[in-house]
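> Residue numbers (numbering that gives the first Met the number 0), protein chains in the order written: chain A, 0 to 336; chain B, 0 to 524; chain C, 0 to 366. All C-beta atoms in this analysis are idealised placements derived from N, C-alpha and C, irrespective of residue type, glycine included.
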Amino acid sequence: MSMPSAPAPTELEPSRGSQAAGAALAWLRGVPVVWLVLAVLLVWLSVESSVFATPEGILAYLKRSAPIAILAIGAYFVLASGEFDLSVGSLVTVTVVVAAKLSDGDPSNTYPVIAVLFAIGIAVGLFNGFCTTILRVPSFIVTLAMLLILNGLVFLWTNGAPTGALADNFREFGRKGIEGIPWLDELPYSVIVLFVVAGFAVWLARGGFGRRVLAVGDNDRAAALSGISVTRVRIAAFVLSATSAVIAAILLGGFAGVTAQVGQGLEFQAITAAVLGGTVLGGGRGSVMGAVGGALVLQALFQLLNLYSVENAVEQTVTGLLIIGAVSLAAFRTRSG
Amino acid sequence: MNPPEDKPATPTAEPRTRSPLLVMRGIAKEFYGVRVLKGVDLECEAGEVHAIVGENGAGKSTLMKILAGAYTPTEGEVLIDGEPVRCTHPLDGQQAGVSIIYQEFNLLPDRTVAENIYLGREPRRGILVDRHKMEDDAAALLDQLSPDDPISPREMVGTLAVSKQQTVEIAKALSVDSKIVVMDEPTAALAAHEVERLFAQIRRLKERGIAVLYISHRLKEIFEIAERITVLKDGEKVATVNTGDVTAPQLVRMMVGRELDQYFPERAKPEAIGDVRLRLKGCGNDFLAGIDLEVRAGEILGIAGLQGSGRTELARAIFGDDPFTTGTFELDGKERHIHSPGQAVAAGIGFVTEDRKAEGLALSQSVRDNVALAWRGLRRAVRREHKLRTADLVKAVELRYRNLGQEVRFLSGGNQQKVVLAKWLATEPRLLIFDEPTRGIDVGAKAGIHDLIRGLANEGVAVVLISSELPEVIGMSDRIVVMRQGEIAGEVGPGASEAEIMFLATGERDIAADAASPAAPEEGA
Amino acid sequence: MSRVADRPRVQVNTGSARNFVADSLAAITRTTSGPVYLVLVGVFFACLIAVAIHGGEFLTGEAIKEMLVRSVALGIVAVGMTLVILGASLDLSVAYVVSLASIIAAEVMDDATGNILIGIVAVIGFGALVGLVNGLVITKLRVNPFIATLGVALIIRGIIESRYQGTVTGVPEGFQKLGYDDLGPIPLSVVLLFAVVALGWFILRYTRFGNRLYAVGGNEEVAKLSGVRTHRVLIGAHVLCAMAAALTGLFLASRLGAGSPTVGPEGGYDLEAIAAVVLGGTYLLGGRGGVLGTIAGVLILAMLDHTFNELEVNAFAKDVARGLIIIAAVAAYSIRWRRRKRAEAVADGPGDSGTGGTLQPQEAGAG
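1) Are the segment 130-148 of chain B and the segment 74-91 of chain B touching by the rule of at least three beta carbon pairs closer than 8 Å?
2) Identify every run of the alpha helix (DSSP H) within the segment 422-487 of chain B, keeping only runs that are complete inside it and at least 4 residues long; order them along the chain.
3) Please classify F286 of chain B as buried or exposed, where buried requires at least 16 other C-beta atoms within 10 Å of its C-beta.
4) Compare the C-alpha of L153 of chain C against each of A:V326, A:L328, A:G281 and A:E314 and name the closest.
5) Check whether the Cβ of Q249 of chain B lies closer than 7 Å to any heavy atom of the ligand SAM, and answer yes or no.
6) Can you pull the chain C residues whose beta carbon is under 7 Å from the beta carbon of E310 of chain A, in chain order?
7) From A170 of chain B to G235 of chain C, what distance separates their C-alpha atoms?
8) Compare the beta carbon distance of L300 of chain B and L279 of chain B with 8 Å and say whether it is the shorter of the two.
9) Does G226 of chain A have its Cβ less than 8 Å from a Cβ in chain B?
10) Could you tell me the alpha carbon to alpha carbon distance between I202 of chain C and G209 of chain C, rounded to whole angstroms?
11) In chain A, which residues lie with their C-beta within 7 Å of the C-beta of E358 of chain B?
12) Can you check whether the C-beta of V221 of chain C is within less than 8 Å of a C-beta belonging to chain B?
13) Is the shortest distance between the beta-carbon of L372 of chain B and the beta-carbons of chain E less than 8 Å?
14) Could you name the residues of the segment 140-159 of chain A whose beta carbon sits closer than 7 Å to any beta carbon of chain C, in the order they occur along the chain?
15) Do you know whose CA, among C:A147, C:A104 and C:F44, lies nearest P260 of chain C's CA?
16) Go ahead and label Y179 of chain C buried or exposed: buried means 16 or more other beta carbons lie within 10 angstroms of its beta carbon, across all protein chains shown.
17) Buried or exposed: Y307 of chain A, going by 16 or more other Cβ atoms within 10 Å of its Cβ?
18) Buried or exposed: which applies to D90 of chain C, given that a residue is buried once 16 or more other Cβ atoms fall within 10 Å of its Cβ?
19) Note down the Cα distance separating I452 of chain B from S467 of chain B, rounded to an integer number of angstroms.
20) P72 of chain B to Q415 of chain B, Cα distance in whole Å?
21) Got a sec? Which residues, its chain only, sit under 6 Å from S45 of chain A by beta carbon, not counting five neighbours each side?
22) Please name the residue in B:G349, B:E193 and B:P470 whose C-alpha comes closest to that of G494 of chain B.
23) In whole angstroms, what separates the C-alpha of P139 of chain A from that of T131 of chain A?
24) Need the endpoints of the alpha helix (DSSP H) that E266 of chain A sits in, please.
25) May I have the straight-line CA-CA distance separating A194 of chain C from I337 of chain B, to the nearest angstrom?
26) Run down chain A in chain order and give the residues with a C-beta less than 8 Å from the C-beta of K417 of chain B.
27) Start and end of the beta strand (DSSP E) containing F409 of chain B?
28) Does chain A have any CB closer than 8 Å to the CB of G86 of chain C?
29) Compute the beta-carbon to beta-carbon distance between S162 of chain B and E193 of chain B, rounded to the nearest angstrom, for a pair I have assumed lies under 8 Å.
30) Within 8 Å (strictly less), CB to CB, does R135 of chain A reach chain C?
31) What does R123 of chain B pair with, by DSSP beta-bridge criteria?
32) From this set, C:V221, C:M242, C:I102 and C:H230, which residue's C-alpha is nearest G165 of chain C's C-alpha?
33) Which residue or residues does DSSP assign as beta-bridge partners of F350 of chain B?
34) Write down the C-beta distance between G258 of chain C and T81 of chain C rounded to the nearest angstrom, noting that I regard them as a contact closer than 8 Å.
35) Quick one: which chain C residues come within Cβ less than 9 Å of G319 of chain A?
36) In the structure shown, what three-state DSSP assignment does S327 of chain A receive?
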């Protein structure tokens, strides 16, 4: 839609109103789709639920979005480097179950246990990375197998039913927050953690490492021939993904409790969120904030479905349709763009 | 030794019959504004073996791909058996009776010979595939082509030697009743006795009235098998001659030898050339043998040779991508072991690859990120030492771009190449290798890149320049090394003639030596 | 090898049964999955010894029967998965297809013996539909097969979980017999498995579709240049795969006497099927392999399963072992494949500035 190059003498100048509209539309076209969709959903939620548009409501929403947003950030790095990580869901489950068993409800155990959890996460990430890069096994096979291994290991150790319990101070991470802030009841720790993680990730993504990740995902041959160690970049991405799973698990353990299903399906939600946010499967494109936006969209959608009393099971179907839709749309745009 | 007297005029072959099997008239082809073929005529009779020669880039493959339907011509027409033929897809070409056998065969290594030959045309018995018929038909074809050296239709193609795989490709052509079979450098990967085997098969094709178009640079073979030869140069036809009427030196001179209307930057003065920067002694790997090479600071060493001579392998070996396994490698007098591109970059070596899109650039990333691509792989200490000044680099290469955040895929070929150059400049290399740096780039941008390369050399960088364009190699280089079949065939000084280089590259030096007596070309090895 | 020229040039009738059998036997022995059978034998002895030491049953009629029956469900799915992987694709929706198929069987049959046939038709039809959707999303919407089939899996899962919480009754007695009856000494279910394997083998060898499937998975460009309609072939493979999964759902419904919303994922049919296919020597990237190798892979997994049971190893250790086996198998094949590629490259000699054979993007390339 173009403006006339020179108005004919008898034509009026375009009114200021339509000029403003044109400028607004141009700006809108530049905004990534995910934020537009999010805006629509948030408005809709506010209309349908009086509690949503309050500070407490928004914070509750952010608190619930935090784990998936953090997982989506981890998914971004792996996807951007051209790989898949399907083990994050089971890693979350493992983290929660191991935390419960080791803590056994004793608050003094919490910090040592957290250290162990991170160690486990890093080990899993290193293993995934090693098998993908050195053994050259396709990453979705490695991480699918890892999913199986992690599930097996967990239940091997607990004999099918999680034992122990998380200590109170552990659970605070996911449940409580800083109190006494003006206007707010409390600022949930989850939200703070989300901000910190997102901030760190954005810093990482903007710097040399993040650029190397995108280069490797875009064209690993060119990256290698430019002297970049593709192996190191990809292993690092897997470690980041696993670490994000551990962090998300700590938050989830707090408010969702300890069950064997706590992590189920999270890997797909993470990938969907990242893809919704503009990350391309196969690598080379995407952004951290986009992934966070995608997670927020997912959470808003689920909350909407809840409002309409749609069963939880439908969440699965919705996620499935969304992931197909998002990926095919992205594929379509890449081809025609 | 003086070159022999040329015959007064290069004879052109007369068309033999009134209606030849194949007529290509006025074929022109343009890629992104670059004219690769400029109105070429070609005729071929049934049962004739017609060779097409020319140096790299002359247009041979493009012409044949147009015939086969892989490309559509910008201008011109193709007539087969007098009927005009328009192909938009290789399957059209096949239906018109043309089969083309590429250097990299279109075969499925994990399927049997019969399955490969009849893919897409499996014989049926009812709704089921009639495997017996498939194998018997295949056996019959193979038998016709190669009765003394049987190939079982049940063998797995991947286990066959290259020569036999080639027979399978020829059998495929027979199975679709091709009238014209095009072979693109068919002997590049064959040993001497396998070449004889191929020729026997070609003679059998002739007996059946099939025309064979044979692209090759191996003149000895051409004299043995072809009746007529068409010489292409720079996208134009120089001449079509009867094999018996011409000698190899004459052919070579038709293939090369042009007015040096291109201007190149001034070569380095001898005093400007510094110490030896890179020294290779006895280096080799799976593809190369006995490489002895020296490159000095401030000089441009040209590397010439035909397709398959190992030039890119040499570059990759120096860069650590497919490293040397034997010999010594010295950089600035110190022995080094470069086993990965990362080590090479850290040691100050850069490599501008042949295929910028597949190997040099991350197309979806910005100009800024691509320029920083190699620099970011350097150690932090090194990075702190020489900061990345993207704006300066981009200016130094005279890049035309909209903004630094623009995706590289939207730049023109020449500008994409400049981004690659900027990427390597950012690492301040001491040795920079260029592999076909101006391929696919328009004339204006070419000159700019030539200036940049010479400018680098003048600043003390040791430059290795690999190119298939003889004028470029000769015009730019201070010294030229010629490669052939994975080894160094010889070295020539600046301003050597194209013919000299061609002789070294093709190994036809002995033919030149014998050309004192204008007798028929020698036969045998 | 006799000279081709000396061979009597007689057209052999495929109709002659004896020649057919001889020809097929020869083909089987030449199968590319040779090494798997060695592994199968090796694993057999290892398990035999382990069980013998621990004290349990391995070579008894009961044990063998149990191992075979255990293989049926997985085996049928794995045969379907083989087709898809040969085409260089993947199907991760099979587990949920199995579950929903079992439920549909129960619902349609509705305890009436007269409905058994309709039930079977409905279930197989459902499988075909899912396969069609998978195939279309992959070929027409150009979605990565892994994401496409996962998405479909999630959709099916949502459907299942929203409507069914527990087992679904309705499988008539008559149909339950399939799961338990014997045909002579052999269980009917094992006969079914062999029938499916034979059908799969037959399709791959004697139909145009089967032959072209190898081409599509091996090198899509070469297939296209030979006029193969690659999209149709791939969709066909996905349809067959999902139908096989549906068949397994039928079988499980028969054995359980009911439809079950969790039987698919509980059995890990998706990953196990891939494991069996990969163990059996079919290349993950397509173009090479076959159902005979897959069935060896299934038997290996069944033997390991049985052995773990006899050794009273924790059920979950199986999962760990399986995960590691998958990684090890794919890694081993990957290494072998890369070595072979390297050897081929070396044998071909320096490539240099070649514009190669198959279609190059239109560029101003070397002439």
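Short version:
1) The segment 130-148 of chain B makes no contact with the segment 74-91 of chain B, as fewer than three CB pairs between them are under 8 Å.
2) 442-457 and 469-475, all fully within the segment 422-487 of chain B.
3) Flag for F286 of chain B reads buried.
4) The option with the nearest alpha carbon to L153 of chain C is A:E314.
5) Of the ligands one can find in the structure shown there are none, so the ligand SAM has no counterpart to examine.
6) Result: S161.
7) Each residue's Cα considered, the two are about 30 Å apart.
8) The answer is no: Cβ separation not under 8 Å.
9) G226 of chain A counts as touching chain B.
10) Looking at the two C-alpha atoms, the distance is approximately 5 Å.
11) One finds R220, A221 and L224 in chain A with Cβ atoms closer than 7 Å to the Cβ of E358 of chain B, taken in chain order.
12) Yes, its Cβ sits closer than 8 Å to a Cβ of chain B.
13) The structure shown has no chain E; the protein chains it does contain are A, B and C.
14) Listed by position along the chain: I140, V141, L143, A144, M145, L147, I148, N150, G151, L152, F154 and L155.
15) Checked all of C:A147, C:A104 and C:F44; the closest Cα to P260 of chain C is C:A104.
16) Label assigned to Y179 of chain C: exposed.
17) Only exposed fits Y307 of chain A, as fewer than 16 other CB atoms lie within 10 angstroms of its CB.
18) That one is buried.
19) So the alpha carbons of these two residues sit roughly 17 Å apart.
20) Using only the alpha carbons, I get a separation of about 27 Å.
21) These residues qualify, in order along the chain: F51 and A52.
22) The residue with the shortest Cα to Cα distance from G494 of chain B is B:P470.
23) Per the sequence shown, the amino acid found at residue 139 of chain A is Phe instead of Pro. Answer to the nearest angstrom: the Cα atoms are 9 Å apart.
24) Start and end: L265 to L275.
25) A194 of chain C and I337 of chain B: Cα-Cα distance of roughly 58 Å.
26) The contacting residues do not exist; K417 of chain B stays about 16 Å from chain A at best.
27) In the DSSP annotation of this structure, F409 of chain B is not part of any beta strand (DSSP E), being labelled neither H nor E.
28) Cβ-Cβ to chain A under 8 Å: no for G86 of chain C.
29) In this structure, S162 of chain B and E193 of chain B form a Cβ contact; the two beta carbons are roughly 4 Å apart against a cut-off of 8 Å.
30) R135 of chain A counts as touching chain C.
31) R123 of chain B pairs with B:V128.
32) The shortest C-alpha to C-alpha distance from G165 of chain C to any of C:V221, C:M242, C:I102 and C:H230 is the one to C:I102.
33) Residue pairing of F350 of chain B in beta bridges, as defined by DSSP: B:I432.
34) With a Cβ gap of about 26 Å, G258 of chain C and T81 of chain C do not count as contacting.
35) In chain order: L149, G150, V151, A152, L153, I154, I155, R156 and G157.
36) S327 of chain A: helix per DSSP, three-state reduction.
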